[in-house]
Amino acid sequence: DMYDGKDQLWRVQEGYHTHFWDASTGWLQAYSSNDLNAKRYYVRGLVNEEKPFEFTTRFSFDDFTPAALRRKGVR
Numbered sequence: 206d207m208y209d210g211k212d213q214l215w216r217v218q219e220g221y222h223t224h225f226w227d228a229s230t231g232w233l234q235a236y237s238s239n240d241l242n243a244k245r246y247y248v249r250g251l252v253n254e255e256k257p258f259e260f261t262t263r264f265s266f267d268d269f270t271p272a273a274l275r276r277k278g279v280r
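Per the numbering used here, the sequence shown runs over residues 206 to 280.
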């Protein structure tokens with residue numbers, strides 16, 4: 206929820222989650238933003254006849270240890 210300078214509800218945003226079972230992870234598939242004052246909305250990420258997204262990189266819990274994240278970090 207987003208509020209304007211008068212503390213009135215102005216915009217509502219929603220995210221639509223999908224679970225990718227083959228990758229054992231969740232992902233934000235689509236999202237929408239509704240402008241209540243202008244009576245407009247915007248939706249992104251809808252798929253109909255597109256080829257489904259496939260995760261090609263497999264991760265394990267060891268990839269997210271503090272030491273592993275330090276190795277991947279860039280200064």
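For each residue, glycine too, the CB sits at the ideal point set by N, CA and C.
Length of the line joining the Cα atoms of residue i and residue j
{"i": "E219", "j": "N242", "result": "17 Å"}
{"i": "R216", "j": "M207", "result": "5 Å"}
{"i": "Y221", "j": "A272", "result": "32 Å"}
{"i": "G231", "j": "Y246", "result": "25 Å"}
{"i": "D209", "j": "S238", "result": "15 Å"}
{"i": "H224", "j": "T270", "result": "23 Å"}
contact_flag[the segment 268-278, the segment 246-258] where n(CB pairs < 8 Å) is 3 or more
Taking one beta carbon from each stretch, the segment 268-278 and the segment 246-258 have fewer than 3 pairs nearer than 8 Å; the two do not touch.
Could you give the uninterrupted runs of the beta strand (DSSP E) lying entirely in the segment 220-273, keeping only those of 3 residues or more?
Within the segment 220-273, the complete beta strand (DSSP E) runs of at least 3 residues are 230-240, 245-249.
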